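The structure appears right after this line, and notes come after that.
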Amino acid sequence: MASRRAPANAAALLSGLNPEQRRAAETLDGPLLVLAGAGTGKTKVVTTRIAALLARGVPASAILAVTFTNKAAREMRERLLKAAGPAAEGVTLGTFHAFCVRLLREHHRLIGLQKSFPICDAADQQSVIRAALRSVSVAETSLHPRAAQARISLWKSRMSDPAAAAREGGGDQDLLAAKVFGAYEAELARRRMLDFDDLLLRSLRLLREHEKVRAGLEERFQYLLVDEYQDTNRPQYEIVRAIAGKRRNLMVVGDDDQSIYAWRGADHKRILDFERDFPGAAVVRLETNYRSNEEILDAANKVIRNNLKRHVKTLRSSRGSGAAVQAFACDDEEHEAQFVVADLAELLRSGAARPRDCAILFRTQTQPRPFETELRAQGIAVRVSGAQSFFDRKEIRDLAAFLRLVARPHDESALLRVVNVPPRGIGDVSIEKVVERAAAQGRDAAGVFAEMSAAGELPEAAARGWSRLQAALAAARAEVKAGAPLPQTVAALIEALQYRAEIERCYPENAARETRWNGALEILDFAAAHERHHGRDSSLDRFLDELSLRSEEGDPGEKEAADAVSLTTIHSAKGLEFERVWLVGCEEGILPHRRSALEGGVEEERRLMYVAVTRAKSHLTMTFCQRRALRGVYKARHPSRFLLELKEKPPPAGWVACEKENQPMEPAEPGASQSPMPTERKKARASLGRPRKARTESSTGREPPGS
DNA sequence: GGCTATGCTTTTTTT
DNA sequence: AAGCATAGCC
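Following this note's numbering, the numbering of the first sequence begins with 996 at its first residue and continues without gaps.
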């Protein structure tokens, strides 16, 4: 393998690296696999290597780097600009999905797409699924739309089509789901939308069926880089391979212990197959951890060693001993939030930490609410990622739908969402009529609406409402065409649609009304930020893509978030690091999640725990609740088995996925070791709201916070 | 067609 | 608890 080395003028770049890191960063040509344990300086290697490429004279435009999450992309961009300076701005860096959207928009004609096809996001997907269920007469009770969606997405990420799905399907449920899959694809096609999986699949098809396009990309992108390679699914892998082509200048970075996306079709064995897929690949292992103190690393190792299916590696700490890892029992989720935020507030007050150094990590989207409330009550700046975020707020979704209609008059999902928002006389009956005819004739609903409205086939009120809506949209379209700034267009649209009145109608309470209205106005900030970011390159289409793909570039919270506490899922915290981490909800049923235990995915949950623990640099605090409100009812909860694994011994053999609600977690074999927690539980319950220290990993006599 | 009240379901993680 | 769909009234 001819591996040219970085030229001498890049030597300075490499000086801060250890020998392994350096070897990775200066192996510039040919396939390269970097097995990078958590906190081993992976991003540093990646950014240094790109800087080295630039120093060697490779144009920035010839470099493509892909990540999986927007957060990771943004982090990488920041670090890259720091390492390589403004020269790096021309590097193509983004998520797979963002890259694919751009590719498809550019070549839409070749594969028969409209130039501005709508992207079907999760909410749209629900409506498409529902329509699909209806069209094959499957009751939502026999196949839950959510379940169907998950199933279909997994099929697609494995590159199965409905026919293949039906063939391999074992049970009735599978056959049913396969049938719905077919209907779903048809409905998507009728709406001319692409869902997230399609973005990858169509891109791949484009590359396979149009050699010119593929060759063009191979020619342009001389150097490829894939972050978190263990999370790649099949279409992503194929896309990378197609672009890498014969040149094979492909660097992949990953860690099988951090594979947490199996549920969306990622196969972490792929990283172990890299050498087979790309013969002659150089392999570098990074095993020195620069991030966490020994106590944290020790906790991480104690958890992950319980996974049987893994490649054993040893992470050496370079930071030495520090604060002990702590775990606390809390009464309930409110108490948990108060406890963590009190701890946090004291640290911030005393100047021991800056907000940006702190993160609260959680497993599911139901968890962050009390924390957000408490943080805001204490006036602590917070950056929340997840379901309650900007993109998922009803107002934002409504306004986004209007904008989609401005750009794409035939976007049926958007139309159905807001055709009667605010109420303009277009009732369910009219909508039903239109949708039915549209489906029957294979046409789009907007066209049918216009036709029926003009032909007097709708109630007069509905027809009037329709033309008012169309007038508002047309005015906005004219503005866009005239090149008006995005925020101005949005503001005019809000005005024309009297959206403020709608909010006031929906939220009679003063406080809620203010919050909602302010929330709605944030889309103006988002639009402004978008224009700042993209300059003359900004367009409504791109803006909508960002909204759909939830790219956080120019997120309205960005400015304040520069110094805010992060409140984020473990999944989206991957790749990030914080001085202090509070990992909350360490309970059976949450982490590991109940569903995953049922489906035999406990090893993946353990990797999730591992990822969470290894985010912390100097302080790690874990909490769990004794009881928690589920569907409005308090249920007893039990500490996560992963907390127990932090004790010296692995869990007893026969330890089962517990969690039949309300049953205590017990080893399966009667008489095996008893649960180590009851004493602490009792103590905490007796303690009138002050958390008791449940356990301390290596006791340094540190006082529990807040006592 | 719009509004309100009542009942019913809900919980994985990301793009 | 809260959000969502349905039913029944204006």
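Built from N, CA and C at the ideal position, the CB exists for glycine as well.
Everything numeric in this text was worked out from a predicted model, so none of it was measured.
Going by DSSP, residue 1563 is part of the beta strand (DSSP E) stretching over 1560 to 1564. The Cβ atoms of residue 1316 and residue 1290 lie closer than 8 Å to each other. Taking a C-beta distance under 8 Å as the contact criterion, residue 1443 and residue 1429 qualify as a contact pair. Counting only runs of at least 4 residues, the segment 1500 to 1531 fully encloses the following alpha helix (DSSP H) elements, listed from N- to C-terminal order: 1505 to 1529.
Taking C-beta separations shorter than 7 Å and ignoring five residues to either side along the sequence, the partners of residue 1421 in its chain run 1414, 1415, 1457, 1460 and 1461, following chain order. Taking a C-beta distance under 8 Å as the contact criterion, residue 1057 and residue 1217 qualify as a contact pair.
Excluding residues up to 5 positions away in sequence, 1564, 1565, 1580, 1585, 1586, 1588 and 1603 lie with their Cβ nearer than 8 Å to the Cβ of residue 1358 in the same chain. A distance below 6 Å between beta-carbons, with the five flanking residues on each side excluded, links residue 1614 to the following residues of its chain, in chain order: 1318 and 1575. Between residue 1182 and residue 1247, the C-beta gap is not smaller than 8 Å, which leaves the two residues out of contact. The beta carbons of residue 1620 and residue 1326 sit closer together than 8 Å. A distance below 6 Å between beta-carbons, with the five flanking residues on each side excluded, links residue 1237 to the following residues of its chain, in chain order: 1202 and 1209. Assignment of residue 1423 by DSSP, reduced to helix, strand and coil, places it in the helix class.
For residue 1261, the three-state secondary structure derived from DSSP is strand.
CA-to-CA, the gap between residue 1307 and residue 1296 works out to about 10 Å. Taking the CA atoms as reference points, residue 1174 sits about 50 Å from residue 1334.
Each residue's CA atom was taken as its position, placing residue 1140 and residue 1134 some 10 Å apart. Residue ranges of uninterrupted beta strand (DSSP E) with 3 or more members, entirely inside the segment 1203 to 1230 and ordered along the chain, are 1218 to 1221. In the three-state reduction of the DSSP assignment, residue 1114 falls in the strand class, which pools E and B.
Taking residue 1036 as the centre and dropping the five residues before and after it, the same chain places the C-beta of 1016 and 1285 closer than 6 Å to its C-beta, in chain order.
In the three-state reduction of the DSSP assignment, residue 1154 falls in the coil class, being assigned neither a helical nor a strand state.
Under DSSP, the beta-bridge partners assigned to residue 1059 are 1087 and 1219. Under a 10 Å Cβ-count criterion, residue 1597 is classified as buried, with 16 or more other Cβ atoms of the shown protein chains found around its own Cβ.
Counting only residues of its own chain and dropping the five nearest sequence neighbours on each side, residue 1259 has a CB closer than 8 Å to the CB of 1148, 1149, 1152 and 1228.
Non-local beta-carbon contacts of residue 1475 in its own chain, meaning distances under 7 Å to residues more than five positions away in sequence, involve 1401, 1484 and 1535 in chain order.
In the three-state reduction of the DSSP assignment, residue 1095 falls in the helix class, which pools H, G and I. Spatial neighbours of residue 1197 in its own chain (CB-CB distance under 7 Å, excluding positions within 5 residues in sequence) are listed in chain order as 1099, 1106 and 1189.
Annotated as distal: residue 1591 and residue 1378, with beta-carbon spacing of 8 Å or more.
If the five residues before and after residue 1158 are omitted, its C-beta is found closer than 6 Å to no C-beta atom of its own chain.
The continuous alpha helix (DSSP H) containing residue 1330 extends over residues 1328 to 1345. Relative to residue 1633, the option among 1642, 1641 and 1623 whose CA is nearest is 1623. Looking from the CA of residue 1052, the closest CA among 1367, 1578 and 1023 belongs to 1023. It is roughly 8 Å from the alpha-carbon of residue 1270 to the alpha-carbon of residue 1028. Cβ contact annotation for residue 1154 (same chain, cutoff 6 Å, sequence separation greater than five): 1229, in chain order. Ranked by Cα distance from residue 1642, the first of 1321, 1439, 1370 and 1355 is 1321. Per DSSP, residue 1374 lies in no beta strand (DSSP E) segment and is marked neither H nor E. Burial check for residue 1018: the Cβ neighbour count within 10 Å reaches 16 or more, so the residue is buried.
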